[in-house]
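Quick note on the working numbering: the sequence shown kicks off at 1083 and runs consecutively.
All C-beta atoms, glycine included, are put in the ideal place defined by N, C-alpha and C.
The structure displayed is predicted, hence computed values, not measured ones.
What follows is a short report on a single structure.
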Amino acid sequence: MLTTVAAPEGDPYQWLEDVAGPKSLEYVEAQNAITVKQFESKPDFAPIQKQLRDILDSQDRIPYVQQLGDHLYNFWQDKQNPRGLFRRTTWDEYRKPQPQWETVLDVDQLSKDEKENWVWHGSSTLPPDYRRCLISLSRGGGDAHVTREFDLQTRQFVKDGFSLPEAKSQVVWRNLDQLYVGTDFGEGSLTDSGYPRLVKLWRRGTPLAEAQQVYQGQKTDVSVSAWVEHTPGFFREGFSREIAFYKSETFLIQPEKAAENSSTSASVDPTKYVKFDVPDDAQVNMFRQWLTVRLRSDWKVGGKTFPAGALLVTELAAFLQGARTFEMLFEPQPRLSLLGVSETKNALVLNVSDNVRGRVIELQPGESGWRRREMHLPGQGTVTAAAVDAETSDDLWVSYQDFLIPPSLYLTSLGKDPAQPLKTLPAFFDAAGMTVQQFEATSADKTQVPYFVVGKQDAIASGKAPTLQYGYGGFEIPQFPRYSAGIGTAWLQRGGIYVLANIRGGGEFGPAWHQAALKANRQHAFDDFEAIAADLVKRGITGQQHLGIMGGSNGGLLVSTVAIQRPELFKAVVCQVPLTDMKRFHKLLAGASWMAEYGNPDQPADWEYLAKYSPYQNAKAGVTYPRILFTTSTRDDRVHPAHARKLYAKLKDFGQDVFYFENTEGGHAGSTNNEQRARIIALEYTFLLDSLR
1083 MLTTVAAPEG
1093 DPYQWLEDVA
1103 GPKSLEYVEA
1113 QNAITVKQFE
1123 SKPDFAPIQK
1133 QLRDILDSQD
1143 RIPYVQQLGD
1153 HLYNFWQDKQ
1163 NPRGLFRRTT
1173 WDEYRKPQPQ
1183 WETVLDVDQL
1193 SKDEKENWVW
1203 HGSSTLPPDY
1213 RRCLISLSRG
1223 GGDAHVTREF
1233 DLQTRQFVKD
1243 GFSLPEAKSQ
1253 VVWRNLDQLY
1263 VGTDFGEGSL
1273 TDSGYPRLVK
1283 LWRRGTPLAE
1293 AQQVYQGQKT
1303 DVSVSAWVEH
1313 TPGFFREGFS
1323 REIAFYKSET
1333 FLIQPEKAAE
1343 NSSTSASVDP
1353 TKYVKFDVPD
1363 DAQVNMFRQW
1373 LTVRLRSDWK
1383 VGGKTFPAGA
1393 LLVTELAAFL
1403 QGARTFEMLF
1413 EPQPRLSLLG
1423 VSETKNALVL
1433 NVSDNVRGRV
1443 IELQPGESGW
1453 RRREMHLPGQ
1463 GTVTAAAVDA
1473 ETSDDLWVSY
1483 QDFLIPPSLY
1493 LTSLGKDPAQ
1503 PLKTLPAFFD
1513 AAGMTVQQFE
1523 ATSADKTQVP
1533 YFVVGKQDAI
1543 ASGKAPTLQY
1553 GYGGFEIPQF
1563 PRYSAGIGTA
1573 WLQRGGIYVL
1583 ANIRGGGEFG
1593 PAWHQAALKA
1603 NRQHAFDDFE
1613 AIAADLVKRG
1623 ITGQQHLGIM
1633 GGSNGGLLVS
1643 TVAIQRPELF
1653 KAVVCQVPLT
1663 DMKRFHKLLA
1673 GASWMAEYGN
1683 PDQPADWEYL
1693 AKYSPYQNAK
1703 AGVTYPRILF
1713 TTSTRDDRVH
1723 PAHARKLYAK
1733 LKDFGQDVFY
1743 FENTEGGHAG
1753 STNNEQRARI
1763 IALEYTFLLD
1773 SLR
């Protein structure tokens, strides 16, 4: 049972923090029944649910794959396989419109055989032969999972192989007979956030209890973990200490002590590692003989000052010997930011945002410096380029989409532009007459904040169409145009308008855009979202009586906050797996790991600004709030379901028009299979249509 420390006196809803307590679950069941009765009987619900289920189960979806040796692997869920298949195919088959797949692991059959509610949680495979992998399975979809060794050749779990009990473990292959393991080793082995504090080296055939401790962090850290780079000729290993969400230290085991990928039994001397001398908010990575450093703040080094958001490179060997001469591979601009870096065998490939539109830049080292080439793309939507197999080739997967154009998957190579797509998702909704427009709203401090408006032109022109504004605004996570068959069928085709808000706190424009809404500046994110809502009304796109908002997790904090702060702006709210109690978020499950984002409520200076917006504390009797639907999951072991439970209960007792639905499984994603996903999404959109038409 998940429980928490005692809540402050005077909190009448503290009992809802007892996640699986009989009283709590009885309350949840009763509230679910009210919501189901209210909305599943509406005429919109059944057709939306069926359309969504058909889309989610469609065999025409793109089966995205990962190359492991000679096979391409994919995890797939549909109506016949609700828990999913881990499967594989060959290159020749994958190029066909309907490839033949070989089942590697049937999670539905495994669940039946073992009488467990298994949810796929991913796999990690050991190069270079890619025969052994570690498969993680979660009970009910939570972050905690079990890890078991699997043989991809025999397609069986390895008898007496590596096996870890349920925990929020972090495990990495060192070689066939050794794992680096961070898990729940007992008292004192976890951080305040509930993640591993210790790293141990575990040898095959020995009990986990006898694993050799090789690194430890502090109890106040978010987590610690090991990392291993298996690139032939560049084998490296070390440890990472995540001090806070944006502060970390990376350590390299000295090269002469690194063991090549084999069944060696050589031990690791925990005193023989060196810390990378870079800012603690920077990200370091190794690419063959190079060291890259991605900055979150300005850094003066080697007689130069490099800006936050830049990507730097230097030779690793020279850096370890004390040299501090860097070349800047990417220089950010106010609306130009680096989203991510992918490595091929011979190049770095940058995914870049240019005013919330995608670009791809290839960087290849040569004798005269790094050669730069920009890829010509199919359009100005959202693009992602990633290596097919970074160890052996310069081939690239390129995925392209926008709000109205379904995703296409291209296979190309370094120096070539995407040509004919290898796979394309069919259009699941009729986009005829629909348009995409980008506008800017002026926030309270005069910052210009961009947003997209999507819908039928006549609906936009009417000013009376139901309008859904979506936002997130946290953790440097960007929001980009994407094709959503669910939004298209459940909302756009039914005459709705969709608005995507690119507010501060996100990562659309690099670290500065995120940092502008950190801690004491959080109100900027709320102001941005509210400014967009007001701008929609000012432009005549919609009116308050037709405007709804939606957000999940940190986005749930966003929409619950603005609903409490500015109830006159919105008619309806969908608040998904939210944070709402900012007085106690750091004491609930993984909440302590987010204090770098929000602050520490136990510090009076931090609580002073948190108290001004915390939705749970600021909801008051006698105020008319928008209609709100809260959704969450009993099995969410990241954001405690009590956040949604408590604010809902408080507002309901105030007599507000609020509804609640808690899925019994699903973790932070809220659902574990397509049936559950279709039902929850259909409930949300039925609620919105019922509220905003």
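The bridge partners DSSP lists for Ser1773 come to none. Distances from the alpha-carbon of Arg1214 to those of Ser1205, Ser1220, Arg1221, Gly1222 put Ser1205 closest.
According to the DSSP assignment, Met1368 belongs to the beta strand (DSSP E) that extends over 1365–1369. Assigned with DSSP and collapsed to three states, Arg1286 falls in coil, not helix or strand. DSSP places Gly1151 outside both helix and strand once states are collapsed to three, so it counts as coil. Going by beta carbons, Val1659 and Ser1696 fall outside the 8 Å limit. By the 16-neighbour rule on beta-carbons within 10 angstroms, Thr1713 is buried.
When secondary structure is reduced to three states using DSSP, Lys1250 falls in the coil class, being assigned neither helix nor strand.
For Arg1648, no beta strand (DSSP E) encloses it, and the DSSP letter there is neither H nor E.
Nearest Cα to Val1518 within the set Thr1466, Leu1582, Trp1676, Leu1398: Leu1582. Beta-bridge annotation (DSSP): Ala1467 is paired with Val1480. When rounded, the separation of the alpha-carbon atoms in Val1296 and Leu1280 is 8 Å. Rounded to whole angstroms, the Cβ separation of Glu1744 and Val1110 is 5 Å, and the two are in contact under 8 Å. Boundaries of the alpha helix (DSSP H) around His1596: 1593–1597. For Trp1309, there is no enclosing alpha helix (DSSP H); the residue is part of the beta strand (DSSP E) that begins and ends at 1305–1311. Excluding its 5 nearest sequence neighbours in each direction, Lys1329 has C-beta neighbours in its own chain below 8 Å: Asp1362, Asp1363, Ala1678, listed in chain order.
Listed in chain order, the non-local C-beta contacts of Gln1148 below 6 Å within the same chain comprise Tyr1155, local neighbours out to five positions each way being set aside. In this structure, Gly1222 is the residue among Phe1321, Ala1687, Arg1709, Gly1222 with its C-alpha nearest to the C-alpha of Lys1197. Membership of Glu1612 in the alpha helix (DSSP H) is indicated by the continuous run 1605–1620. Per DSSP, Thr1529 is not a residue of any alpha helix (DSSP H), being assigned neither H nor E.
Boundaries of the alpha helix (DSSP H) around Asn1114: 1104–1121.
Nearest in C-alpha terms to Lys1386, of all of Ala1293, Arg1406, Ala1572, is Arg1406. Under the DSSP assignment, Asp1688 falls outside any beta strand (DSSP E), being part of the alpha helix (DSSP H) whose first and last residues are 1686–1695.
DSSP places Met1677 in the helix class (H, G or I) of the three-state scheme.
A Cβ-Cβ contact shorter than 8 Å links Gly1589 with Pro1560. If you check the CB distance, Leu1219 and Asp1188 do not come in under 8 Å. Pro1563 is positioned such that its CB atom lies no closer than 8 Å to that of Pro1649. In the structure shown, the three-state DSSP call for Ser1435 is strand. Per the DSSP secondary-structure output, Ile1217 pairs in a beta bridge with Ser1205, Arg1230. With respect to the 8 Å criterion, Ser1424 and Ala1392 are not classified as neighbours on the basis of their beta carbons.
Under the criterion of beta carbons closer than 8 Å, Leu1261 and Pro1548 do not qualify as touching, at roughly 52 Å. CA-to-CA, the gap between Tyr1680 and Phe1127 works out to about 37 Å. Bounds of any alpha helix (DSSP H) do not take in Thr1474, whose DSSP letter is neither H nor E.
The closest CA to that of Gln1365, considering only Leu1692, Gln1462, Trp1381, is found on Trp1381. In terms of Cα proximity to Gly1461, the closest of Glu1473, Gly1448, Pro1503, Asp1484 is Asp1484. Across the structure, Val1705 and Leu1733 are spaced so that their CA atoms are roughly 10 Å apart.
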